[in-house]
Amino acid sequence: MNTQEEQKISKVWFTDFRCKPDESPVDKFKRLMKAAGLDKIEMDGKFVAIKMHFGEKGNMTFIRPNYAKAVAGFVEKCGGKPFLTDCNTLYPGSRKNALEHLYCAWENGFSPLSAGCPVIIGDGLKGTDDIAVPVEGGEYVKEAKIGRAIMDADIFISLTHFKGHELTGFGGTIKNIGMGCGSRAGKKEQHCNGQPVIDSVACRGCKKCMKECANNGLVFDNEHKKMTVDYDNCVGCGRCIGACNFDAISFGMDAAVKELNCRMAEYTKAVLQGRPNFHLSLVMDVSPTCDCHSGNDTPIIADVGMFASFDPLALDQACVDACLEQTPLPGSQLTDEMHKDNFCDHHDHFDNANPNTEYKTCLAHSEKIGLGTRKYELVVVK
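Residues in the sequence shown are numbered consecutively from 1295, following this note's numbering.
Below, the structure written as structure tokens:
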């Protein structure tokens, strides 16, 4: 193999959840960070943002605070000043402003005591404290609107719960960074080209989708007892799709999800460019939908393990590949879809679990804009 080919391959470190009687998964997680070289980043006296998802109230698949504390402790031993962070959401729920977001984080176990460092909401009280960050080589986004506290940090670390997603196929490192670090305006920008359509025959008029809409994008037709879309107000956030139990809502544009994927990749590049960064991903409790929901479905596959890399794209690709090698769990959304009469096998667990989604565009575009490489060497940590 020549030097140029070697440069196109990134290392991804992996360890499973199997533990001896005298150790815990967190012990293995610490060994993973050490083996992957997190301590090689010069952190002395520097602010270190640890980007994660604190989970919506009621959700139980988010990453446990024990892992966040392990990362914070590792950073402190290297002389860094860590803080956990996320930005406010575009949709209703318990994380749409900093006050509710902090209460949600605390209720889910993320306090300075349990997590080992402060929790800071990246885009401020109302989600408006952002900074415009130029995207080098951006095709869809010229300036990304990123939470100011996140951009103020000297070093960036992502801690991701890898799971399925009702809009982007899976939620991994790139989604955690790109969508998660965008301010409310940034999230709107990423979603702006996609708007849903509602099948009036399939719609039951239950109004569950309406509770998820923060922008008056849904209007209930009282005469026909059906939901409709107000396209002047709809920002295409996709929350209504995840709320519908009857497959009545879908994206009307095939390009919508693909364009969202590309914008998400470009937002990720804006966050990472020009400063040291490192990424961790836990493939466990692989629910079919996002931790943004106030509940969660049973996992679609068994727990896989913990991954780490300096390359966010190689990390996502490695996690995808590992998931696709697993056997679907019975009684899950994935196997329910596979047993439908009209099932079309995509030979992909994420595409099969959420047939309206598409994630490969995100990986391809990430590589195209120089975010990383999809080629990787998997290094197993015992």
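Note that CB positions come from ideal geometry on N, CA and C, so glycine has one too.
(message) Looking at ASP1585: is its Cβ nearer than 8 Å to the Cβ of PHE1356?
(response) A contact, by the Cβ cut-off of 8 Å.
(request) Measure the alpha-carbon distance for ALA1537 versus GLU1506 and round it to whole angstroms. (result) Pairing ALA1537 with GLU1506, the inter-Cα distance amounts to about 7 Å.
(request) Output yes or no for whether 8 Å exceeds the beta carbon distance between TYR1385 and CYS1475. (result) No, they are not a contact pair.
(message) On the criterion of 16 or more Cβ atoms from any shown chain inside 10 Å, does ARG1602 qualify as buried, or is it exposed?
(response) First, the amino acid is wrong: residue 1602 is Ala here, not Arg. By the neighbour-count rule (16 or more Cβ atoms within 10 Å), ALA1602 is buried.
(message) With three or more beta-carbon pairs closer than 8 Å as the criterion, would you say the region 1376–1391 touches the region 1436–1452?
(response) Contact between the region 1376–1391 and the region 1436–1452 is present, because at least three Cβ pairs lie under 8 Å.
(request) Helix, strand or coil for VAL1306, going by three-state DSSP, please let me know. (result) Note: VAL1306 maps to strand in three-state DSSP.
(request) Use the C-beta contact count for ASN1636: other C-beta atoms within 10 angstroms, 16 or more gives buried, fewer gives exposed. (result) Counting the other Cβ atoms within 10 Å of the Cβ of ASN1636 gives fewer than 16, which makes it exposed.
(request) Please state if the CB of ALA1364 and the CB of LYS1324 are separated by a distance shorter than 8 Å. (result) Taking 8 Å as the cut-off, the Cβ atoms of LYS1324 and ALA1364 count as close.
(request) Measure the C-alpha to C-alpha separation of ILE1414 and ALA1496 and round it to an integer number of angstroms. (result) Spanning the alpha carbons of ILE1414 and ALA1496 requires a straight line of approximately 42 Å.
(request) Kindly give me the distance between the Cβ atoms of PHE1341 and ALA1447, rounded to whole angstroms, as I take these residues to be in contact under 8 Å. (result) Contact annotation, PHE1341 with ALA1447: C-beta distance approximately 5 Å; criterion of less than 8 Å satisfied.
(message) Restricting to Cα atoms, I'd like to know which of THR1629, PHE1464, LYS1314 is closest to THR1651.
(response) Closest option to THR1651, Cα to Cα, is PHE1464.
(request) Give the C-beta separation of ASP1279 and ASN1646 to the nearest angstrom, bearing in mind that I take them to be a contact with Cβ-Cβ under 8 Å. (result) There is simply no residue 1279 to check, as the chain begins at 1295 and stops at 1676 in what is shown.
(request) On a CA-only basis, which of PRO1428, THR1383, HIS1455 is nearest ASP1417? Give me that one, please. (result) Of PRO1428, THR1383, HIS1455, the residue nearest in Cα terms is THR1383.
(request) Report yes or no: do the region 1598–1614 and the region 1450–1468 share at least 3 C-beta pairs separated by less than 8 Å? (result) Three or more Cβ pairs closer than 8 Å define a contact, and the region 1598–1614 meets that threshold against the region 1450–1468.
(message) Using only the alpha-carbon positions, how far apart do LYS1305 and TYR1670 sit?
(response) C-alpha of LYS1305 to C-alpha of TYR1670: approximately 5 Å in a straight line.
(message) Here's the rule: buried if 16 or more other CB atoms are within 10 angstroms of the residue's CB, otherwise exposed. What is VAL1551?
(response) So VAL1551 counts as buried.
(message) Tell me the residue span of the beta strand (DSSP E) that contains GLU1437.
(response) Per DSSP, GLU1437 belongs to the beta strand (DSSP E) from 1437–1441.
(request) Could you check the C-alpha separation between SER1388 and THR1422 for me, to the nearest Å? (result) Those two C-alpha atoms are separated by around 17 Å.
(message) If you follow the alpha helix (DSSP H) that GLU1631 is in, where does it begin and where does it stop?
(response) Segment 1627–1632, the alpha helix (DSSP H) holding GLU1631.
(request) Kindly identify the DSSP beta-bridge partner or partners of PRO1428. (result) As DSSP reads the structure, PRO1428 sits in a beta bridge with GLU1437.
(request) Helix, strand or coil for THR1667, going by three-state DSSP, please let me know. (result) Of the three classes helix, strand and coil, the one that applies to THR1667 here is coil, per DSSP.
(message) Under 8 Å: do the region 1527–1536 and the region 1506–1516 share three or more Cβ pairs, one atom per stretch?
(response) These segments touch.
(message) If distances are taken between C-alpha atoms only, which option among LYS1314, GLY1458, LYS1328 comes closest to ALA1596?
(response) Of all alpha-carbon atoms in LYS1314, GLY1458, LYS1328, the one lying nearest the alpha-carbon of ALA1596 is that of GLY1458.
(message) Please report the distance separating the alpha-carbon of THR1629 from that of ASP1642.
(response) When rounded, the distance between both Cα atoms is 12 Å.
(message) I'd like the list of long-range same chain contacts for LEU1393, defined as Cβ closer than 8 Å, with 5 residues on each side in sequence excluded.
(response) Around LEU1393: LEU1419.
(message) Taking the alpha carbon of PRO1428 as the reference point, which residue from GLY1568, PRO1582, CYS1617 has its own alpha carbon closest?
(response) The option with the nearest alpha carbon to PRO1428 is GLY1568.
(request) Evaluate LEU1657 with the Cβ neighbour count: other Cβ atoms within 10 Å of its Cβ, from every protein chain shown; 16 or more gives buried, anything less gives exposed. (result) Buried, since its Cβ has 16 or more Cβ neighbours within 10 Å.
(request) Could you tell me whether the Cβ atoms of PRO1624 and MET1632 are closer together than 8 Å? (result) No, the pair does not count as a contact, with Cβ atoms beyond the cut-off.
(request) Would you give the residue range spanned by the alpha helix (DSSP H) that HIS1485 belongs to? (result) Residues 1478–1485.
(request) Go to ASN1571, then tell me how far its beta strand (DSSP E) extends in each direction, as first and last residue. (result) 1571–1577 is the span of the beta strand (DSSP E), which, as asked, contains ASN1571.
(request) Go ahead and label HIS1518 buried or exposed: buried means 16 or more other beta carbons lie within 10 angstroms of its beta carbon, across all protein chains shown. (result) Around the beta carbon of HIS1518, fewer than 16 other beta carbons lie within 10 angstroms, which makes this residue exposed.
(request) Give me the Cβ distance between HIS1587 and GLU1401, rounded to the nearest whole Å; I'm assuming they're in contact under 8 Å. (result) HIS1587 to GLU1401, Cβ: 16 Å. No contact.
(message) Just verifying my parser: in three-state terms, what is the DSSP assignment at ALA1343?
(response) In the displayed model, ALA1343 falls within a strand according to three-state DSSP.
(request) For the beta strand (DSSP E) containing THR1655, list its first residue and its last residue. (result) No beta strand (DSSP E) holds THR1655; the alpha helix (DSSP H) holding it covers 1654–1662.
(request) Alpha carbon to alpha carbon, how far is ARG1668 from LYS1302? Give it in angstroms, no decimals. (result) Across the structure, LYS1302 and ARG1668 are spaced so that their CA atoms are roughly 9 Å apart.
(message) Residues in the same chain with beta-carbon distance under 6 Å from ARG1498, minus the five sequence neighbours each way, listed in chain order, please.
(response) PHE1540.
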